[in-house]
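Trainee:
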């Protein structure tokens, strides 16, 4: 049986930056710029599925029929880092731990809420 992750994984993806990049004002500004551009591109993909599916096919070399199916199942929704995100990711880490894949860990120190207000206005 092949599982689908429903109820185990959040379906979220994350942008990763090092502590040193976040501490450097110039790099921090670049990280924010990247996240803003990524959010804009993902929201564009939601409303331009045919164009996105073709670009996806062009870049990956996958058949357009496959990228079209992928794109039709995706819906990008940027979300702020908050208690809900922590909970989802902790549940996923706990499930992986129960399977013996990773040691027990607390995921919350791995998240940063610094960009929430710039991206979502007022949420920090």
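Numbering (the working numbering), first residue to last: 194 to 317.
C-beta: ideal position from N, C-alpha, C; glycine also.
Using the Cβ count rule (16 or more neighbours within 10 Å means buried), how would you classify residue 260?
Mentor: buried
Trainee: Can you tell me which of 308, 267, 272, 258 puts its alpha carbon nearest to the alpha carbon of residue 247?
Mentor: Minimum Cα distance to residue 247 is reached at 258.
Trainee: With a threshold of 8 Å on Cβ separation, who are the neighbours of residue 296 within its own chain once the five nearest residues in sequence on each side are excluded?
Mentor: 290
Trainee: Determine, using beta carbons only, whether residue 205 and residue 278 come nearer to each other than 8 Å.
Mentor: yes
Trainee: Please classify residue 287: does DSSP put it in a helix, a strand, or coil?
Mentor: helix
Trainee: Need the endpoints of the alpha helix (DSSP H) that residue 224 sits in, please.
Mentor: First-last of the alpha helix (DSSP H) with residue 224: 218 to 240.
Trainee: DSSP three-state label for residue 303, please.
Mentor: helix
Trainee: Quick one: using the 10 Å Cβ neighbour count with 16 as the cut-off for buried, is residue 216 buried or exposed?
Mentor: exposed
Trainee: To the nearest angstrom, how far is the alpha carbon of residue 262 from that of residue 229?
Mentor: 26 Å
Trainee: Measure the Cβ-Cβ separation of residue 300 and residue 283 and say whether it is below 8 Å.
Mentor: yes
Trainee: Which residues in the same chain have their Cβ closer than 7 Å to the Cβ of residue 239, if we skip the five residues on either side of it in sequence?
Mentor: Excluding sequence neighbours, residue 239 sits near 268, 269.
Trainee: For residue 312, which three-state DSSP category applies?
Mentor: In the displayed model, residue 312 falls within a helix according to three-state DSSP.
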